[in-house]
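A short worksheet on the structure shown next.
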Amino acid sequence: MSESSRDAVLARIRQGLAAGPAPLPPRPDFAAPVHPPLSNADVVVAFAERFQQVGGEFYYCEDLAALATQLAAYRERQQVSAPYVWEPDLQAVLQVAGVEFRAGEADFVANADLSLTSCEALVARTGSVLVSAATASGRRLSIYPDQHLVLARPSQVVAEIGDALRVIQERYGAAPPSMVSLTSGPSRTADIEKTLVLGAHGPRRIALFLLEDEGEI
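With the UniProt record's numbering, the residue at position 94 of the sequence shown is 94, and numbering never jumps.
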């Protein structure tokens, strides 16, 4: 290093030391919310918006007649057979609504193009559906079929993932389900050559039918 270069470097060092230590970064406000406000003050609306943003199909059903109409229209558009439904409470709702379904497991592996299940909660923040293995649907109906339908109520919508996990804790206590899954849109991956593939690890289509709160599912 030449003398002039050495002098210039030392001069910058002396100038930096004279200026004193660098200011500390601002102290985080640990009491402040981690997330920004939801897109809508109404958590149901916020969920519907986010659910569709992540690739889900949302259908609002004012009553059982609307549910029957929406389900029939969905099957017609997708050209799929009647859904597999294994939860007794859901079967009862569909029977009252006059909706066809398959209650047994005959030829399930070969013909499981459509399923319908309930859920534990709906998360407005992420547009996710929280399902578990605690229902009669088990693990298979939310994972194996090509298309997954969910029947839920507005009262099941919560704001954050933490709220949904508290629902599980309060519902099952010390004996939680063997599987709990947050489903955010259809199954998809782009691991191979950055090419998006739907249905890689689960249903390639998910649709939610939100039925107004009248009675129990």
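Cβ atoms here follow ideal geometry from the backbone N, Cα and C, with glycine treated the same way.
The structure presented is a predicted model; accordingly, all values stated were derived computationally and were not measured.
| Query | Result |
| --- | --- |
| Cα-Cα separation, residue 52 to residue 36 | 19 Å |
| Three-pair Cβ contact test at 8 Å for the stretch 69-89 versus the stretch 154-166 | no |
| Residue 44 versus 208, 172, 158, residue with shortest Cα-Cα distance | 158 |
| Straight-line Cα distance separating residue 154 from residue 40 | 15 Å |
| Beta strand (DSSP E) runs wholly inside the UniProt domain "LUD" (110-210), at least 3 long, in chain order | 114-117, 121-123, 128-132, 147-152, 180-183 |
| Own chain residues within Cβ distance below 6 Å of residue 216, not counting five before or after | In this prediction, residue 216 scores a pLDDT of 49, lower than 50, which makes its location untrustworthy; no coordinate-derived value is stated. |
| N-terminal and C-terminal residue of the alpha helix (DSSP H) that residue 57 is part of | Run containing residue 57: none in the alpha helix (DSSP H); it sits in the beta strand (DSSP E), 57-61. |
| Supposed contact pair residue 177 and residue 132 - C-beta distance, whole angstroms, cut 8 Å | 4 Å |
| Three-pair Cβ contact test at 8 Å for the stretch 140-151 versus the stretch 201-216 | yes |
| Supposed contact pair residue 68 and residue 104 - C-beta distance, whole angstroms, cut 8 Å | Not a contact, Cβ separation roughly 21 Å. |
| Euclidean distance between Cα positions of residue 111 and residue 32 | 50 Å |
| For residue 216, the three-state DSSP class (helix, strand or coil) | Residue confidence is low: residue 216 scores 49 on pLDDT, short of 50, so the model does not pin down where it sits. Its coordinate-derived value is still stated next. Looking at residue 216 - three-state DSSP - the assignment turns out to be coil, as it is neither helix nor strand. |
| Buried or exposed (CB count within 10 angstroms, at least 16 for buried), residue 214 | exposed |
| Secondary structure of residue 27, DSSP reduced to three states | coil |
| Inter-residue CB distance, residue 138 and residue 47 (contact presumed, cutoff 8 Å) | About 25 Å separates the two Cβ atoms, so there is no contact after all. |
| Residues bridged to residue 84 (per DSSP) | 102, 115 |
| Candidates 143, 170, 184, 123: closest to residue 38 by CA position | 123 |
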